[in-house]
Amino acid sequence: MSTRSNSLTGPGRSSWRRRLATIAATVAMIGAFVVALPPSAPAEAATANSAYVMAYFKESPNGSGNSNNVHLAVSKDALEWTALNDNAPILVPTLGTKGIRDPFLFRLQDGSWVMTATDLKNENFGAANPSIHIWTSPDLVNWSSDRLLNINSANPNSFTWAPAIFWDPTRAKYGITFSASPTGGPFGTILVVYTSDFVTTTAPVTFFDNNGQGGVIDSDVQTDINGVNYLYYRSPAPNQTGLMGARSSSLTPGSFTPYTTGLYQGGCVEAPTVVRSLSDPNSWWLWGDNYCPNNKFNVWQGSVTTGSWTPLSQRNFTAPIGSKHNSIQPITSSEYTGLTGKYGLSSSTRLKSSNFPDRYVRHQGGAARIDAFPFDLQQDSQWKIVPGLADANAVSFESVNFPGQYLRHSNFSVVLNANDGSAGFAADATFRKVAGLSDSSWSSFQSYNYPTRYLRHRDFSLRIDPVSSAEYGDATFRLVP
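Under our numbering, the first residue of the sequence shown is numbered 145, with each subsequent residue one higher.
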C-alpha cells in the first residue's frame, strides 16, 4: 500500500516502517447492484486478450496532485501507458472515508469485473478499519455504486490494506488477500477471506506471515502457472524494503515459502504487480511502487517461475503521471475500444529525455529544463502539442497550466513566454519534429528559424544548439502521455 509504508505504527507510516524493520530484524451496505458469480470454471473471453488496463490512484510529493479515487489507463504492451479520461477519476468513493488507495481490478469467472480498494483518504494509515471498497462492472465501462465490504471485523484494532483477489478452484471461491495486524499474530501479516459473491465472506485466516515473523504487506497472487502458485509481497528488510516471491503447489493458507532474493531499487519498493506478456507466455514484468521519492515506479523483466528478474531502464516504460500502487490486467480489443470510446485518452504530452529517461521537460520560474520525476507541480511537465505558430506543418509546445504560453528560444536559451502575436515570437516558438538523432523511434526538434540548431538539454537546462554526434542523446526525446 504505497506511501503508507511511511507508517506501519501509529500516526505516520515512517514509524510503521521502523516497526516493520524491527519485527523483521457483518454484511456491508450494498449499492446499486451486485454481479452474480457462478462457481464454475473460468469463462474464456470471446476473443483473445490484446491489451492491458491499469487501475491506480494518484499522489505527488507535496500532495498537490493527490487523488484518492480510482483512475484507469490502457496500454498495448504493459509498459507504455496512456491515462483514460484525461487522468481524471473513473470511480469516486462515496462511503467510508470517501477515499481509496491501492485499487485492485480482477476479471471474474463469468467475464465481468470487480474493483476493490483500501478505504483510506488521509494519512492515518494505522487507523483501525475492517472494510474495503467494492465496485462491479460487466464491461469496465458501466459500474455499480460504491459499497463497503467488511472483511476484517475479527481483528478490531487492525488496519485493512491493499486488498487483492485471486480465484481458488478447489474452494470454487475468490480469495481476497489483504495486509493486517491480526490480534495475537505478528505485526504485518497477509490475511485471506473467501467469497463467492463479494457480499459475504469467511472469517480471515493467515495466508502468509513470513514464517511467523510478520513484517510483510501487499500481495499479488498468480495461480496455476504450470501447476504452481506464486505470491509476491513487500519484504521485511532491516534497512530497506523491496519485493519478494513465495510459491506453493496449493493455494492453502500458510503453504507458501519464499523462493527469490529481495528485489530492491532505492530501498523503498512495495506494492508488487505481476504481469504476464501477451506475446510471450514465458516473459513477465514485475511492477513495484517506490515511495522514496514518492510517486515513482520500478519495473523488472524476467520469469515468475524461476524468480529471476532484471531491472528495466526508465527508457522502456512510462507510467501515467502521478500514478500510485497499481494493478494491471489483460483485456480484449473490444474492451480496449470500449474504454477509450467512453473515457477518451490524455490530451497532454510529456517529453522524456533519451539519455536521462527519469527526466522530463518542464518549466520552472519561466525557464525550461529537464528534471527528474517526481516533482511538483506535475502540470509543469505537461504540454499541448499544437500546429506550429509559424508553420502549421511544424509544432509548438503550449503549457497546460499556463495556456497561451509557449516554449520559445531567447538568446538560444529556451523559456516559457506568453504569445505576443508577433512573427518573431511565432518563429522562436516553432520546431520541426524529425526522427530522433540518437534513436529514430524517438523524436528530435529542429528550430524553425535556426535550422542548424536543435532543442537539447545542457546541464539540464533547455537550449537550442548545434549538436555533435556525441550530443545526439541530449537532443532526443520521447513523446509520452
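In this text, a Cβ means the ideal position worked out from N, Cα and C, and glycines have one as well.
Query	Result
Could you tell me if T596 is buried or exposed, where buried requires 16 or more neighbouring beta carbons within 10 angstroms of its beta carbon?	exposed
Just to confirm my understanding: we take N593, look at its own chain, exclude 5 residues before and 5 after, and list those with CB closer than 7 Å. What are they?	A571, D572
Taking only runs of the beta strand (DSSP E) that begin and end inside the region 482–541, which ones reach a length of at least 3 residues, in chain order?	494–497, 503–508, 511–516, 527–531
Any idea if A324 is buried or exposed, counting beta-carbon neighbours within 10 angstroms, 16 or more meaning buried?	buried
Identify every residue that forms a DSSP beta bridge with I234.	DSSP, once it has assigned bridges, lists no residue as partnering I234.
Please tell me whether D520 and R506 are closer than 8 Å, where the distance is taken between their beta carbons.	no
Which whole-angstrom value is the C-beta distance of F342 and V258, which I expect to be below 8 Å?	6 Å
For a test of the three-state rule: what should DSSP assign to Q549, helix, strand or coil?	strand
So, are the CB atoms of P326 and P518 less than 8 Å apart?	no
Alpha carbon to alpha carbon, what distance is there between A199 and F250?	10 Å
Any idea which residues DSSP pairs F322 with across the strands?	L335
Grab me the residues of F248's own chain with a C-beta within less than 8 Å of its C-beta, minus the 5 sequence neighbours each way, in chain order.	A199, M259, T260, A261, A306, P307, A308, I309, S471
So, using beta-carbon positions, are Y376 and D368 closer together than 8 Å?	no
Helix, strand or coil, according to DSSP, for A571 in the structure here?	helix
Helix, strand or coil for V179 per DSSP?	Confidence is the limiting factor: at V179 the pLDDT is only 42, short of 50, which leaves the residue's position unreliable, though a coordinate-based value still follows. Three-state result, V179: coil.
Taking only runs that begin and end inside the region 367–430, name each unbroken beta strand (DSSP E) of 3 or more residues, in chain order.	372–378, 387–392, 413–420
Return the bridge partner residues of Q357 from the DSSP annotation.	DSSP lists no partner for Q357.
Spatial neighbours of G358 within its chain, please: C-beta separation below 6 Å, excluding the five flanking residues on both sides.	I167, P330, F331, G332, T333
Expressed to the nearest angstrom, what Euclidean distance is found between the alpha-carbon atoms of S392 and D609?	58 Å
State the beta-bridge partners of Y598 as determined by DSSP.	Q590, D609
Can at least three beta-carbon pairs, one atom from the region 400–407 and one from the region 482–489, be found at a separation below 8 Å?	no
Excluding the 5 residues preceding and the 5 following V419 in the sequence, name in chain order all residues of the same chain whose CB lies nearer than 8 Å to its CB.	Y196, A222, W428, W429, L430, W431, I472
Taking the beta strand (DSSP E) that V214 belongs to, which residues open and close that run?	211–219
On a Cα-Cα basis, can you pick out the residue from D524, Q523, S525, S540 that is closest to Y531?	Position check: residue 531 holds Pro in this sequence, whereas Tyr was assumed. Comparing Cα positions, the closest option is S540.
Once the 5 residues before and after Q522 are set aside, which same chain residues still bring their CB inside 8 Å of it?	S204, S208, G209, I465, G466
Which residues does DSSP list as the beta-bridge partners of K202?	S211, S467
Skipping 5 residues on each side, what residues in its chain have a beta carbon closer than 7 Å to that of P547?	none
Ignoring anything shorter than 3 residues or poking outside the region 281–327, list the beta strand (DSSP E) runs there in chain order.	291–294, 305–312, 317–324
By Cβ distance below 7 Å, which residues in the same chain neighbour P274 in space, the five residues on each side in sequence not counted?	N294, I295, N296, S297, T304
Starting from G446 and walking both ways along the beta strand (DSSP E), at which residues does that stretch end?	438–447
Return the Cβ separation of G451 and G389 in integer angstroms, given the expectation that the two are a contact with Cβ distance under 8 Å.	5 Å
Among the residues of its own chain, which have a CB less than 7 Å from the CB of D502, if the five just before and after it don't count?	Q458, A516, F517
Can you pull the DSSP bridge partners for W225?	According to DSSP, W225 bridges with nothing at all.
So, at 6 Å on beta carbons, what are the nonlocal neighbours of A190 in its own chain, with the 5 sequence-adjacent residues on each side left out?	Only weak support exists for where A190 lies, its pLDDT of 47 falling under 50; the coordinates are left without a value.
Quickly, what does DSSP pair P455 with across the bridge? List them, please.	W444
Let me confirm a value: V578 is counted as buried when at least 16 other C-beta atoms fall within 10 Å, else exposed. Which label applies?	exposed
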